[in-house]
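These notes concern the structure reproduced below.
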Amino acid sequence: MSQAEQFKNQGNQALQQSRFTDAIALFTKAIQLSENAIYYSNRALCHIKTKNYTAALKDTTKSMQIDPKYSKNLQRHAEVLIRLNKLTEATEITQKLFNAEQTTKNRELNNEAQRALEIVQNYEQRVKTAASTILKLNGSLCNKFASSNIIISSSKERADSLDKADEYQKTICVIEQAAFDEREQLDQLGAKSLQDDMKFIKKTVPTYQMKSETVAFYNILMQAFRNSCDSLVQFGCSNFVSEDQVLEDKKYFVKQGAISINAVPNSVNKLVLNSCIELLNQNTNNLLGSFDKIIKQDSKYNAFIQQYQAYLKFKEEGTQFFTAKNYQNAITSFQSAINAVFNFTQLSICDVTTLDPYISLLFLSSQYLAAQIFSNLAMCYSNSSNIPEALKYFNCATFLDLSYAKAHLRAAKIYLDAQMYKEAEDSYCQASSVDTTQNLKPTIQAIQKQLKPFLRKDYYALLGITKSTVVDSDEYNKAYKKQAAKNHPDRFARDPVMKRFAEWKFRLIQEADGVMRDKNKKMVYDQGGDPINDPESGMGGVNMGGMGGVDISQMFGSMFGGGMGSNVQFTVNGQPAGGRRGGGGRQAGGMPPGMGDIFSQFFGGM
1 MSQAEQFKNQ GNQALQQSRF TDAIALFTKA IQLSENAIYY SNRALCHIKT KNYTAALKDT
61 TKSMQIDPKY SKNLQRHAEV LIRLNKLTEA TEITQKLFNA EQTTKNRELN NEAQRALEIV
121 QNYEQRVKTA ASTILKLNGS LCNKFASSNI IISSSKERAD SLDKADEYQK TICVIEQAAF
181 DEREQLDQLG AKSLQDDMKF IKKTVPTYQM KSETVAFYNI LMQAFRNSCD SLVQFGCSNF
241 VSEDQVLEDK KYFVKQGAIS INAVPNSVNK LVLNSCIELL NQNTNNLLGS FDKIIKQDSK
301 YNAFIQQYQA YLKFKEEGTQ FFTAKNYQNA ITSFQSAINA VFNFTQLSIC DVTTLDPYIS
361 LLFLSSQYLA AQIFSNLAMC YSNSSNIPEA LKYFNCATFL DLSYAKAHLR AAKIYLDAQM
421 YKEAEDSYCQ ASSVDTTQNL KPTIQAIQKQ LKPFLRKDYY ALLGITKSTV VDSDEYNKAY
481 KKQAAKNHPD RFARDPVMKR FAEWKFRLIQ EADGVMRDKN KKMVYDQGGD PINDPESGMG
541 GVNMGGMGGV DISQMFGSMF GGGMGSNVQF TVNGQPAGGR RGGGGRQAGG MPPGMGDIFS
601 QFFGGM
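Residue numbers for the sequence shown follow the UniProt record's numbering, so the first one is 1 and each next one is one higher.
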């Protein structure tokens, strides 16, 4: 073995042990004795490991000159080109490598190069387009909320009547489906992929310097995106997804945005981005001063700033009317205030290509202002005894600003007065989660106590049987199959709202069947107990294993052309169907202890 080969072997051993400095020295000695493509390529690998990509490029280039067909070096050369943001050249090489030899490594390199090139070329435009699209989606959802049908039905009414429970749940499914549609469109829009692509480009092309202005815009956009995702969870949608450090800090992106703005050159865009940060932090003390500076540099922002000033005027005007108990005029003023900063009717039908991305970002950042007015508008309708209209606008308010505890508490009070205990409990829990300074635990426990009698469902009515029906008899099985088939979600594949309702109803039928087939649970139930919801009964959940000879998988496989597992549970976005305000038939009424202090604090004014 030559001395050069000995140095190479020693270098390989050092490389395997991650002693990269030693390995570089050994490969250098080998090169000094013999200029070999492998020696240069191995030294290049050491430089890649130490992130010295410039030195790595010199070595891979030299290796290519010595042996243009050495495939391992070509792979390393392509990797270095990617890291150094030489993406067009990297894409050409990786494509040739893959065409010559379709290995997993070559496929991954080619995909990496192409993805990096596409991100670098299109990222800024994608980010800016996303701002206008998210604004339109949020406007569209508020428009659906404001035009939705809200039914006031007490917990007792729904517990006593399956028809009323079904009617109520169908209206909930309409609202939840609208929220789910927005969540899906947010994902399709690529807001999540923007986050993934930002992480990818930082890792894959470390030498690429994205414009600080784009980074700041991205962070502000992602805060708005996260706010929307977090708010949609209350309507049964999936959570915002990111790494732990981001999830633990709900203001992570706005903080990153504030940091990245420092590197943005002085310009009108920097002033706008700073104003967005102030709005997201709900700090409006110096906002008008900032706006004055903006319009002096760019007149295109005149309309937005005039609308903000109109918002302040109409908000004050509406508050005065509300205080004077002139609710109709207050409604008119508050609607004008909303239209000034968040005209959801027009936004729902607008052409996003006509919206300026920075103005869209301003509107997205100021959504909490609209949330306050939606809440005030809801109070006007509540005080005018128009409860359904009030609840519509509370949905708008809590969607636009999940952290607005006052809106949750106001909605909770309305639900409580209507003896809708499950909805009241949910709203108080939301308020408690966003405002930990309020001790709402005693209130929530009192409501849970009032709710408890109405959690017990009419299993006999759900199954279409009587108490005298023998479980597992032909009569029972026929009734069960009839109800299960009637409410099977596959029947409504083309109607997402009815499918959502069917998922909820089908779970109740399974629950009823599970209780009927379990002798202990049925005994508790027939004695007036609740083996599912009453922890004192010690029964826990439903045992789907006790299906008494009825193979639900085979039954529905034959009915609907597909197999189902024996432990059937329908979910929406990974969560049980029937979201935060669902649960018709689960839940009629005085005020629980300790409510007086809370209401005096939150209902004394606007």
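Note that beta-carbon positions come from the ideal geometry of N, C-alpha and C, so glycine has one too.
R19 carries a coil assignment under DSSP once its states are collapsed to helix, strand and coil. Contact check for I414 against Y428 fails: the beta carbons are separated by 8 Å or more. DSSP places D187 in the helix class (H, G or I) of the three-state scheme. Per DSSP, G257 is one residue of the alpha helix (DSSP H) stretching across Y252 to I261.
If you ignore the 5 residues before and after S375, its C-beta comes within less than 8 Å of the C-beta of Y393, F394, A397, Y404, K406, A407 and R410, all in its own chain and listed in chain order. A418 sits away from I172, with the two beta carbons spaced by 8 Å or more.
In this structure, L74 and I93 form a Cβ contact; the two beta carbons are roughly 6 Å apart against a cut-off of 8 Å. Secondary structure note for V205: it is in no alpha helix (DSSP H), with a DSSP letter that is neither H nor E. In this structure, the beta-carbon distance from T50 to V352 does not fall below 8 Å. Only buried fits S365, as 16 or more other CB atoms lie within 10 angstroms of its CB. Setting aside the 5 residues that flank it on each side, F304 is surrounded in the same chain by I359, L362 and F363, each with a C-beta closer than 8 Å to its C-beta; the list follows chain order.
Of all C-beta pairs linking the segment 368 to 384 to the segment 166 to 185, fewer than three are shorter than 8 Å, placing the two stretches out of contact.
Going by beta carbons, P489 and A479 fall outside the 8 Å limit. With a 10 Å radius around the Cβ and a threshold of 16 neighbouring Cβ atoms, K144 comes out buried. 8 Å or more divides the Cβ of V268 from the Cβ of E213. Looking from the CA of S140, the closest CA among K255, R183 and N12 belongs to R183.
Counting only residues of its own chain and dropping the five nearest sequence neighbours on each side, A4 has a CB closer than 6 Å to the CB of A30, L33 and S34.
Classified as buried, T91 has 16 or more neighbouring CB atoms from the shown chains inside 10 Å of its CB. The count of Cβ pairs closer than 8 Å, one atom from the segment 37 to 45 and one from the segment 54 to 67, reaches three, so the stretches are in contact. The Cβ-Cβ distance between Q195 and L137 does not fall below 8 Å. Taking C-beta atoms as the reference points, V515 and K522 count as a pair closer than 8 Å.
Secondary structure of I465 (DSSP, three-state): coil.
Rounded to the nearest whole angstrom, the C-alpha separation of E389 and A446 is 27 Å. When C-alpha distances from L391 are compared across Y368, L369, Q367 and L416, the shortest belongs to L416. Just so you know, the alpha carbons of E89 and I82 end up roughly 9 Å apart. By the neighbour-count criterion, in which 16 or more other beta carbons inside 10 Å mark a residue as buried, P357 falls on the buried side. R226 is classed as buried because its beta carbon has at least 16 other beta carbons within 10 Å across all chains shown. The way I'd put it, the segment 203 to 212 doesn't touch the segment 245 to 257; fewer than three beta-carbon pairs between them come closer than 8 Å.
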